[in-house]
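Asker: The structure that follows is given in the form of structure tokens.
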């Protein structure tokens with residue numbers, strides 16, 4: 006794992022990716038700090054991070070597009086398979102390098118609240134909890150990007166797909182507001198979502214029997230539950246959506262409520278997508 | 002030592018490797034020979050853990066390539082068909098990464114890198130980006146990567162493909178020198194290469210092993226057969242009559258040339274010794290026709306290869 010980590014980290018910094026990534030984060034932090042903290046004389050550094058969370062739409066695809074896709078295109082994945090290391094070590098090593106690249110500009114950002122506090126009354130716990138959760142939010146998004154990179158061998162496809170996923174994630178909270186909140190429409194939306202999930206399961210496993218069984222069980226459960234207690238479905242779908250939104254939870258912390266479950270949620274998402282990335286690499290050995 | 006037991010690999014409905022079993026002994030150079038699509042690369046990919054088999058198992062020194070992957074892979078160095086190089090890195094950086102991933106102690110890495118780079122002749126390009134290296138050097142870096150950590154077994158998939166003749170000779174020389182301290186398995190569809198370098202030849206066809214022997218034994222197996230090629234100034238229709246009295250001829254192809262002469266190829270069921278050639282000569286001279294050219298040859302490995310892989314084709318069709 007250490008070998009992969011060191012190799013990956015140095016390839017971020019022998020190329021331009023690592024620098025572009027850092028520069029981008031710092032550029033936007035700079036602009037927003039100037040506008041919020043300096044021009045408007047606000048003491049809340051956390052709002053800077055809250056407003057610039059859209060940078061993830063750009064930096065996550067840039068940072069993750071080549072991470073696994075390029076191995077496959079250059080056929081260097083054959084080297085990784087034949088070396089005495091496991092795919093888990095490969096994924097963890099690469100992800101650790103990615104986190105270091107992401108943490109580098111955040112280290113510099115950590116100085117901002119300190120500098121600002123010299124000129125005003127900055128509430129540091131709020132600022133730093135925002136920075137910490139900014140890191141964990143980024144970690145979860147980067148793990149999603151890494152998984153997307155593992156399913157294709159084209160960097161461009163990985164970047165495009167990743168951008169769309171980030172975009173949907175970013176607007177998920179807003180979209181939830183538009184969803185109809187009647188019990189019946191929640192049922193319909195959940196039923197469709199279930200089918201989409203089962204199609205995704207089929208696509209990943211190519212096991213039509215298991216996917217059909219899963220779909221049948223989930224749909225039957227939904228309808229059964231609806232028949233028993235339809236009142237629970239009132240507003241259920243929008244509520245689930247906004248709970249799932251990675252960004253919404255970050256905004257809660259930005260607004261001054263340090264919600265530890267958000268961090269747990271980010272860690273779970275990261276774990277889940279790293280697991281999927283490992284599986285995706287393992288699977289290639291079977292189907293190639 | 003490698004044991005391959007009843008290996009089968011299917012891609013959808015296509016069977017790439019079909020119930021393949023063989024054993025590789027220590028300290029020899031093995032050659033996998035077969036036409037394109039015979040399952041050479043697939044077999045090598047399975048042997049090195051890059052690909053999972055549909056059924057069957059591969060054991061390296063008793064360690065299963067899937068169950069005890071780390072132990073088994075430590076004993077193997079593998080160069081796939083396309084050298085797996087990070088083109089935006091230098092050979093030195095790349096080899097350092099491979100050395101670390103193979104678990105070579107940090108202290109020994111510089112010395113080992115130096116040694117494999119000298120061995121493979123890549124020292125003078127060690128600090129150039131690999132995307133700027135020629136195919137020959139890339140192949141060498143690929144071999145260096147396989148040799149690192151001194152594994153007992155080195156598996157090379159078509160190591161000379163796409164190289165110029167001089168590079169081919171150099172790589173062959175390198176493989177021969179590797180054969181002194183390692184078990185080497187290489188694949189090729191070029192017969193002369195395998196014949197020159199390898200001590201044992203495994204011929205694959207349609208995913209099956211059709212022959213496994215030393216080059217000499219394979220040739221001896223077919224030594225009874227030979228061919229005679231000749232050009233005679235005679236009409237196409239006269240030749241069967243002229244050759245009617247000559248024995249040992251099992252097959253005859255006659256082709257008319259533009260200058261009026263005929264090119265004749267005779268397959269014999271005996272070595273083409275002087276006696277048979279003399280019979281052929283006098284048969285033509287009795288008919289008052291001149292032989293302008295005549296060559297006798299023994300069955301080459303090439304013929305054996307074609308015969309074995311062709312019969313495999315027929316089996317596959319049935």
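Residue numbers (my numbering), protein chains in the order written: chain A, 6 to 293; chain B, 2 to 319. Backbone N, C-alpha and C define an ideal beta-carbon position, used for all residues, glycine too. All values reported here derive from a predicted model rather than from experimental measurement.
Pair every Cβ in the segment 192 to 200 of chain B with every Cβ in the segment 242 to 254 of chain B, then say whether three or more of these pairs are closer than 8 Å.
Answerer: no
Asker: Suppose you measure from the CA of residue 256 of chain A to the CA of residue 132 of chain B; what does that come to, to the nearest Å?
Answerer: Position 251 of the first chain, counting from 1, holds the residue named residue 256 of chain A. Position 131 of the second chain, counting from 1, holds the residue named residue 132 of chain B. Between residue 256 of chain A and residue 132 of chain B, the C-alpha separation is close to 45 Å.
Asker: According to a CB-to-CB cut-off of less than 7 Å, which residues of the segment 5 to 29 of chain B neighbour chain A?
Answerer: Result list empty, no residue passes.
Asker: So, are the CB atoms of residue 32 of chain B and residue 155 of chain B less than 7 Å apart?
Answerer: By one-based count along the second chain, residue 32 of chain B stands at place 31. By one-based count along the second chain, residue 155 of chain B stands at place 154. Contact flag unset, no.
Asker: Taking its Cβ as the centre, do 16 or more other Cβ atoms sit within 10 Å of residue 283 of chain B, making it buried, or is it exposed?
Answerer: For the purposes of this step, residue 283 of chain B is identified with residue 282 of the second chain, where counting begins at 1. Counting Cβ neighbours within 10 Å, residue 283 of chain B comes out exposed, since fewer than 16 surround it.
Asker: With 7 Å set as the bound, which would you pick, yes or no: does the beta-carbon of residue 160 of chain A sit closer than that to a beta-carbon of chain B?
Answerer: Here residue 160 of chain A refers to the residue found at position 155 when the first chain is read from its first residue. It does not: the Cβ of residue 160 of chain A has no partner Cβ on chain B nearer than 7 Å.
Asker: Can you give me the start and stop residues for the beta strand (DSSP E) that residue 306 of chain A sits inside?
Answerer: The displayed coordinates of chain A run from 6 to 293. Any statement about residue 306 of chain A would go beyond what the structure contains.
Asker: Compare the C-beta of residue 31 of chain B against all C-beta atoms of chain A and say whether one is closer than 7 Å.
Answerer: Stepping through the second chain from its first residue, residue 31 of chain B is reached at position 30. By this cut-off, residue 31 of chain B is not an interface position.
Asker: Between the segment 132 to 146 of chain A and chain B, which residues of the former have a C-beta closer than 8 Å to a C-beta of the latter?
Answerer: none
Asker: By DSSP's criteria, residue 1 of chain B is part of a beta bridge. Which residues make up the other side?
Answerer: For residue 1 of chain B there is no data in the structure shown, the boundaries of chain B being 2 and 319.
Asker: Got a sec? Which residues, its chain only, sit under 7 Å from residue 38 of chain A by beta carbon, not counting five neighbours each side?
Answerer: Here the question's residue 38 of chain A lines up with position 33 in the first chain. Answer for residue 38 of chain A: 53, 117, listed in chain order.
Asker: What residue range is occupied by the uninterrupted alpha helix (DSSP H) comprising residue 286 of chain B?
Answerer: Against the second chain, residue 286 of chain B aligns to sequence position 285. Boundaries of the alpha helix (DSSP H) harbouring residue 286 of chain B: 275 to 287, taken from the DSSP string.
Asker: Which parts of the segment 118 to 172 of chain B are runs of the beta strand (DSSP E), unbroken and 3 residues or longer, counting only runs that do not cross its ends?
Answerer: 154 to 158
Asker: Is there at least one Cβ from chain A nearer than 7 Å to residue 67 of chain B's Cβ?
Answerer: In the second chain, counting from the first residue as 1, residue 67 of chain B sits at position 66. Judged by the 7 Å Cβ criterion, residue 67 of chain B is not in contact with chain A.
Asker: If the cut-off is 8 Å on Cβ atoms, which residues from the segment 7 to 23 of chain A count as contacting chain C, listed in chain order?
Answerer: The displayed structure is made up of protein chains A and B, and chain C is not among them.
Asker: Rounded to the nearest angstrom, what separates residue 64 of chain A and residue 163 of chain A at their Cα positions?
Answerer: Residue 64 of chain A sits at position 59 when you count from the first residue of the first chain. Residue 163 of chain A sits at position 158 when you count from the first residue of the first chain. Taking the straight line from one Cα to the other gives about 13 Å.
Asker: Relative to the C-alpha of residue 210 of chain A, which residue among A:194, A:287, A:100, A:71 is closest?
Answerer: Counting from 1 along the first chain, the entry for residue 210 of chain A is found at position 205. Answer by Cα proximity: A:287.
Asker: May I ask you to report which of helix, strand or coil DSSP gives residue 46 of chain B?
Answerer: Counting from 1 along the second chain, the entry for residue 46 of chain B is found at position 45. Here residue 46 of chain B sits in helix by DSSP.
Asker: Kindly give me the distance between the Cβ atoms of residue 27 of chain A and residue 110 of chain A, rounded to whole angstroms, as I take these residues to be in contact under 8 Å.
Answerer: Locating residue 27 of chain A in the first chain gives position 22, counting from the first residue. Locating residue 110 of chain A in the first chain gives position 105, counting from the first residue. Correct: roughly 4 Å between the Cβ atoms.
Asker: Could you tell me if residue 248 of chain A is buried or exposed, where buried requires 16 or more neighbouring beta carbons within 10 angstroms of its beta carbon?
Answerer: Taking the first residue of the first chain as position 1, residue 248 of chain A is located at position 243. Exposed: under 16 other Cβ atoms inside 10 Å.
Asker: Return helix, strand or coil for residue 297 of chain B, following the three-state DSSP convention.
Answerer: Reading the second chain from its first residue, position 296 is the one you call residue 297 of chain B. Residue state, collapsed to three classes: strand.
Asker: Count the other C-beta atoms from every protein chain shown that fall within 10 angstroms of the C-beta of residue 66 of chain A, then say buried if there are 16 or more, exposed otherwise.
Answerer: Here the question's residue 66 of chain A lines up with position 61 in the first chain. So residue 66 of chain A counts as buried.
Asker: Below 7 Å between beta carbons: does that hold for residue 187 of chain B and residue 229 of chain B?
Answerer: For this step, residue 187 of chain B is matched to residue 186 along the second chain. For this step, residue 229 of chain B is matched to residue 228 along the second chain. No, these two residues do not count as a Cβ contact at 7 Å.
Asker: Do we get a CB-CB distance below 7 Å when we pair residue 74 of chain B with the residues of chain A?
Answerer: Numbered from its first residue, the second chain carries residue 74 of chain B at position 73. With 7 Å as the cut-off, residue 74 of chain B counts as an interface residue toward chain A.
Asker: Pop quiz: residue 123 of chain B and residue 142 of chain B are said to be a contact at Cβ under 8 Å. What is the actual Cβ separation, rounded to whole angstroms?
Answerer: As a working mapping, residue 123 of chain B is identified with position 122 in the second chain. As a working mapping, residue 142 of chain B is identified with position 141 in the second chain. Their Cβ separation, rounded to whole angstroms, is 6 Å, which keeps residue 123 of chain B and residue 142 of chain B in contact under 8 Å.
Asker: Just to confirm my understanding: we take residue 12 of chain A, look at its own chain, exclude 5 residues before and 5 after, and list those with CB closer than 7 Å. What are they?
Answerer: Position 7 of the first chain, counted from the first residue, corresponds to residue 12 of chain A. If we look at residue 12 of chain A and ignore the five residues flanking it on each side, it has no Cβ neighbours.
Asker: Can you list, in chain order, the residues of the segment 127 to 151 of chain B whose Cβ is nearer than 8 Å to any Cβ on chain A?
Answerer: 146
Asker: Where does the unbroken beta strand (DSSP E) through residue 227 of chain B begin, and where does it stop?
Answerer: Stepping through the second chain from its first residue, residue 227 of chain B is reached at position 226. 227 to 233 is the span of the beta strand (DSSP E), which, as asked, contains residue 227 of chain B.
Asker: State the beta-bridge partners of residue 212 of chain B as determined by DSSP.
Answerer: For the purposes of this step, residue 212 of chain B is identified with residue 211 of the second chain, where counting begins at 1. According to DSSP, residue 212 of chain B bridges with B:204.
Asker: Just reading off the alpha helix (DSSP H) that residue 20 of chain B is part of, what are its end residues?
Answerer: Residue mapping note: residue 20 of chain B aligns to position 19 of the second chain, counting from 1. Taken as a continuous stretch (DSSP letters only), residue 20 of chain B belongs to no alpha helix (DSSP H), being part of the beta strand (DSSP E) at 15 to 25.
Asker: Which same chain residues, not among the five before or five after residue 169 of chain B, have their C-beta less than 7 Å away from its C-beta?
Answerer: Residue numbering aside, residue 169 of chain B sits at position 168 when the second chain is read from its first letter. The residues are 161.
Asker: Of all the options B:273, B:207, B:202, which has the alpha carbon lying nearest to the alpha carbon of residue 231 of chain B?
Answerer: To locate residue 231 of chain B, count along the second chain from 1; it is residue 230. Of B:273, B:207, B:202, the residue nearest in Cα terms is B:273.
Asker: Report, in whole angstroms, the separation of the C-beta atoms of residue 218 of chain A and residue 138 of chain A, which I expect to be a contact under 8 Å.
Answerer: Taking the first chain and counting its residues from 1, one reaches residue 218 of chain A at position 213. Taking the first chain and counting its residues from 1, one reaches residue 138 of chain A at position 133. 39 Å between Cβ atoms; not a contact.
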